[in-house]
Amino acid sequence: MYGWRARIGNISPTACSEILPYEFYRVAPEGVTFVSTNLVIRDARESSQVEASWHRFDTAFEDLLHTRVDHITLSGAPLVLANGVERHRELLQEFRNRYPVPVGTSPQSFADALKYLGAVKLAVATSFIPAHNELVRAFLASEGFDVLGIESLDTGMTSLEKAMLSPTQVFRHVRAVGRKYSTCDAVLITSSAWPTLTVIQAGIKAGIKGYGKLLGTLS
2 MYGWRARIGN ISPTACSEIL PYEFYRVAPE GVTFVSTNLV IRDARESSQV EASWHRFDTA
62 FEDLLHTRVD HITLSGAPLV LANGVERHRE LLQEFRNRYP VPVGTSPQSF ADALKYLGAV
122 KLAVATSFIP AHNELVRAFL ASEGFDVLGI ESLDTGMTSL EKAMLSPTQV FRHVRAVGRK
182 YSTCDAVLIT SSAWPTLTVI QAGIKAGIKG YGKLLGTLS
């Protein structure tokens, strides 16, 4: 079996996913596989699509459990934070109590990762509309981070189209955010639909081992 070490389940908010599975396999250790199921969002700017996806959570979890995954992540900050920080915490606890495998969300995962790295002051690069940016800001603040600023790359693209961005476009936006908030400890990129791995070394003179300190803990 390919996933002899671990089988990581993911509930993707968008109807199609391309970048996240591709980049996952670029960095995952041998024997770790990615098992994904998708919800119905084509454009996260449409609140009706976000609401419809909420009603599919249980089905998505059950589908992944049938494949015997070892962990499940519910992805998509605009989706899981849509009803506020407190509801996100309640929802996460409900899922952890209900299902027999560890459960996380993408916002909680990146918050935990940033804490592990010791980052406190954050600049955030997103692909979100202002309302979704404020959801992310409120969540990060509730986790104890100092959010210096959030900047969105406004391309007018739908959620499905964001994978068409070039790595160069993403790099330029993230670099601009880092320069604007130059006292930050880290720049957080929130969109898993953006291609990022090919430009991780760009503009950094010091060599980066593998894909950075956090992923370097995996073996």
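Read in order, the letters of the sequence shown correspond to residues 2 to 220 in this note's numbering. A virtual CB, placed ideally from N, CA and C, is assigned to each residue, including glycine.
**C-alpha distance - ALA29 paired with ALA164, whole-angstrom precision** = Taking the sequence shown and counting its residues from 1, one reaches residue 29 at position 28. Taking the sequence shown and counting its residues from 1, one reaches residue 164 at position 163. Each residue's alpha carbon lies about 20 angstroms from the other.
Report task. May I ask you to list the residues that DSSP assigns as paired with VAL33? Result -> On the sequence shown, position 32 is the one that residue 33 refers to. The partner list for VAL33 (beta bridge, DSSP) reads ALA7.
Rounded distance between the beta-carbons of ILE20 and SER76, thought under 8 angstroms: Residue mapping note: residue 76 aligns to position 75 of the sequence shown, counting from 1. Residue mapping note: residue 20 aligns to position 19 of the sequence shown, counting from 1. No, SER76 and ILE20 are not in contact; Cβ-Cβ is about 12 angstroms, not under 8 angstroms.
Please identify the residue among ARG173, MET158, THR191 whose C-alpha is closest to the C-alpha of ILE151.
Position 150 of the sequence shown, counted from the first residue, corresponds to residue 151. Comparing Cα positions, the closest option is THR191.
Worksheet item: Taking the alpha helix (DSSP H) that LYS116 falls in, what are its first and last residues?
Response: Sequence index remark: in the sequence shown, residue 116 carries index 115 (1-based). In the DSSP assignment, LYS116 falls within the unbroken alpha helix (DSSP H) covering 107-118.
Own chain, CB closer than 8 angstroms to PRO103, minus 5 neighbours either side, in chain order: Here residue 103 refers to the residue found at position 102 of the sequence shown. Correct list, in chain order: ASP71, HIS72, ILE73, ARG97.
- Message: Determine whether the beta carbon atoms of CYS185 and LYS122 lie at a separation below 8 angstroms.
- Response: Position 184 of the sequence shown, counted from the start, is the residue given in the question as residue 185. Position 121 of the sequence shown, counted from the start, is the residue given in the question as residue 122. Yes, the Cβ-Cβ distance between CYS185 and LYS122 is below 8 angstroms.
Checklist line | Limits of the alpha helix (DSSP H) - the one that GLY53 falls within | finding: Taking the first residue of the sequence shown as position 1, residue 53 is located at position 52. Strictly speaking, residue 53 in this sequence is Ala, with Gly absent from that position. Its alpha helix (DSSP H) spans residues 48-55.
Item checked: Neighbourhood of GLY32 by C-beta distance below 8 angstroms, restricted to the same chain and skipping five residues each side -> Start at 1 with the first residue of the sequence shown, and residue 32 comes out as number 31. Excluding sequence neighbours, GLY32 sits near TYR3, GLY4, TRP5, ARG6, ALA7.
Less than 8 angstroms between the C-beta atoms of ARG43 and THR127, yes or no?
Here residue 43 refers to the residue found at position 42 when the sequence shown is read from its first residue. Here residue 127 refers to the residue found at position 126 when the sequence shown is read from its first residue. Contact: no.
Quiz item: So what's GLU152 in DSSP terms, helix, strand or just coil?
Solution: Residue mapping note: residue 152 aligns to position 151 of the sequence shown, counting from 1. GLU152: strand per DSSP, three-state reduction.
Can you round the beta-carbon distance between LEU136 and ALA187 to whole angstroms, since I take them to be within the 8 angstroms contact cut? Sequence index remark: in the sequence shown, residue 136 carries index 135 (1-based). Sequence index remark: in the sequence shown, residue 187 carries index 186 (1-based). About 19 angstroms separates the two Cβ atoms, so there is no contact after all.
**Prompt:** Which residues in the same chain have their Cβ closer than 6 angstroms to the Cβ of GLY10, if we skip the five residues on either side of it in sequence?
**Reply:** Within the sequence shown, the letter at position 9 stands for residue 10. So the qualifying residues of the chain are VAL36, LEU65, VAL70, ILE73.
Q. For PRO79, which three-state DSSP category applies?
A. Start at 1 with the first residue of the sequence shown, and residue 79 comes out as number 78. Three-state DSSP puts PRO79 in a helix.
Given a cut-off of 8 angstroms on the beta-carbon distance, is the pair LEU166 and PRO196 in contact? Position 165 of the sequence shown, counting from 1, holds the residue named residue 166. Position 195 of the sequence shown, counting from 1, holds the residue named residue 196. Their beta carbons are under 8 angstroms apart, which means LEU166 touches PRO196 by this criterion.
SER143 - DSSP class collapsed to helix/strand/coil | Reading the sequence shown from its first residue, position 142 is the one you call residue 143. Three-state DSSP puts SER143 in a helix.
field: Supposed contact pair LEU80 and ALA61 - C-beta distance, whole angstroms, cut 8 angstroms
entry: The residue you call residue 61 lines up with position 60 of the sequence shown. The residue you call residue 80 lines up with position 79 of the sequence shown. ALA61 to LEU80, Cβ: 11 angstroms. No contact.
request  = Can you check DSSP and say which residues form a bridge with LEU92?
outcome  = On the sequence shown, residue 92 is found 91 positions in, with the first residue counted as 1. None, per the DSSP bridge assignment.
**Q.** Backbone secondary structure at LEU215 - three-state DSSP
**A.** As a working note, residue 215 is residue 214 in the sequence shown. Three-state DSSP puts LEU215 in coil, outside helix and strand.
For THR1, count neighbouring C-beta atoms within 10 Å of its own C-beta (all shown protein chains included) and say buried if the count is 16 or more, exposed if not.
Any question about residue 1 goes unanswered here, given that the chain covers just 2 to 220.
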